[in-house]
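**Q** Sharing a structure, written as structure tokens. Questions coming.
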Amino acid sequence: MSATGAVPPGHYLQQKVTGRAFALNFLSDGSRIEPLALTEQWQAPSRLRPFRYGGALARGRDEPHPVASALREAITESVARIVRATGLTGLASADLLIDGENWWLLEINPRPGATLDVLDRRPTPLLLAHIEASLGRLPTLEPAPPDATGAEICYAARTYAALPPLDWPAHVHDRPRAGSRVGRDAPICTVTATGADAATVKRNLRARADALRARLDDTENRHEFQHDRPEPQRPGEPAGREPRR
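Okay, here's the thing in structure tokens:
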């Protein structure tokens, strides 16, 4: 289709822009918002999905943020205007692309999103705060934790016909059931990590995801070896013959 041609029914156009992915996570009572964090997001490109979601992190309370405070305030006010116009309540997020002083609002997610894993670390559970805000009572939140935290999807580097049983580490969430089939490039689980700063968290996430895939491969190999070993023969029985009952 040419740039001046008509858009076919059921289709729409999108402009490709450059920038880093962020999300403003907030609580809303329908007229006001309480920002939780401006979380950073990244992609985990695959052969068929170049923009596949990879993970997200929230920086520590006193850690310098890559987005200037004036720009964060402008984003917060813009989202607050949308809330006032729509009456949105509860826990929600606004997906953004930020490039220097320019930013684009991609969408509003009117529900708890993927960043719930990295934000639910205050004394008051976020689900309780979500319910209160949904009922029109915007809660006062405790200060954000001092350390950074993140969550990353651990994707399969190969196909698992049947996942072996595993003693999952505490930092692994969304755990699949043993025996489940997981295709290549499909999500296996979510790994989480905390650290002094964002760089440490990202390193810990990658290391944990890599270690988990290696552990799955090792466990699967040992599991198959145990099941494929021939039955020990009784003394005096020729190998390969079924013993008498």
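Residue numbers (the numbering used here): 546 to 790.
Note that the Cβ used here is the ideal one computed from N, Cα and C, for glycine as well.
(1) By Cβ distance, which residues of its chain are closer than 6 Å to residue 564, with the 5 residues on each side in sequence left out?
(2) Would you tell me roughly how many angstroms separate the C-alpha atoms of residue 627 and residue 763, rounded to the nearest one?
(3) Does the Cβ-Cβ distance between residue 669 and residue 575 come in under 8 Å?
(4) Where does the unbroken beta strand (DSSP E) through residue 639 begin, and where does it stop?
(5) State buried or exposed for residue 789, treating a residue as buried only when at least 16 other CB atoms are found within 10 Å of its CB.
(6) Going along the chain, which residues of its own chain have a beta-carbon closer than 7 Å to the beta-carbon of residue 713, five neighbours each way excluded?
(7) Per DSSP, what are the beta-bridge partners of residue 647 in this structure?
(8) Check each candidate in 705, 697, 741 and name the one with the smallest Cα separation from residue 600.
(9) If you scan the stretch 712–736 from start to end, which runs of the alpha helix (DSSP H) of 4 or more residues do you find wholly inside it?
(10) Please classify residue 755 as buried or exposed, where buried requires at least 16 other C-beta atoms within 10 Å of its C-beta.
(11) Contact between the stretch 675–685 and the stretch 736–747 is defined here as three or more beta-carbon pairs at a separation below 8 Å; is this criterion met?
(12) Taking just the CA atoms, how far does residue 657 sit from residue 578?
(13) Going by CA-CA distance only, name the one from 636, 581, 591, 630 that's closest to residue 617.
(14) Exposed or buried, which one is residue 693 when buried takes at least 16 other CB atoms within 10 Å?
(15) Would you kindly work out how many angstroms separate the C-alpha atoms of residue 770 and residue 761, rounded to a whole number?
(16) Please give me, in chain order, every unbroken run of the beta strand (DSSP E) with length at least 3 that falls completely inside the stretch 580–641.
(17) Excluding five sequence neighbours on each side, which residues of the same chain lie with their C-beta closer than 6 Å to the C-beta of residue 725?
(18) Ordered along the chain, which non-local residues of its own chain (more than five positions away) have a Cβ less than 8 Å from that of residue 591?
(19) Roughly how far, in whole angstroms, is the beta-carbon of residue 613 from the beta-carbon of residue 624, given that I think they are within contact range, below 8 Å?
(20) In the DSSP assignment, the alpha helix (DSSP H) including residue 677 goes from what residue to what residue?
(21) Just the C-alpha distance for residue 723 and residue 766, rounded to the nearest angstrom, thanks.
(22) How far does the beta strand (DSSP E) with residue 692 in it extend, from its first residue to its last?
(23) Which residues does DSSP list as the beta-bridge partners of residue 740?
(24) Can you look up residue 686 in the DSSP assignment and give me helix, strand or coil?
(25) How is residue 659 classed by DSSP in three states: helix, strand or coil?
**A** Short version:
(1) Counting only Cβ-Cβ distances below 6 Å, and skipping sequence neighbours, we find 642, 643, 644.
(2) 50 Å
(3) no
(4) 634–644
(5) With a pLDDT of 40 at residue 789, under the threshold of 50, the modelled position of that residue is not reliable, and the figure given next carries that caveat. Label assigned to residue 789: exposed.
(6) Cβ-Cβ distances below 7 Å link residue 713 to 720 in the same chain, with the five nearest sequence neighbours on each side left out; the list follows chain order.
(7) 644
(8) 697
(9) none
(10) exposed
(11) No, the stretch 675–685 is not in contact with the stretch 736–747.
(12) 14 Å
(13) 581
(14) With 16 or more other Cβ atoms within 10 Å, it is buried.
(15) Its pLDDT being 39, under 50, residue 770 is placed unreliably by the model, and nothing is read from it.
(16) 598–603
(17) Around residue 725: 708.
(18) 597, 700, 730
(19) Wrong, their Cβ atoms sit about 17 Å apart, outside the cutoff.
(20) Taken as a continuous stretch (DSSP letters only), the alpha helix (DSSP H) holding residue 677 covers 671–679.
(21) 14 Å
(22) Element bounds for residue 692: n/a, residue is neither H nor E.
(23) 693
(24) coil
(25) coil
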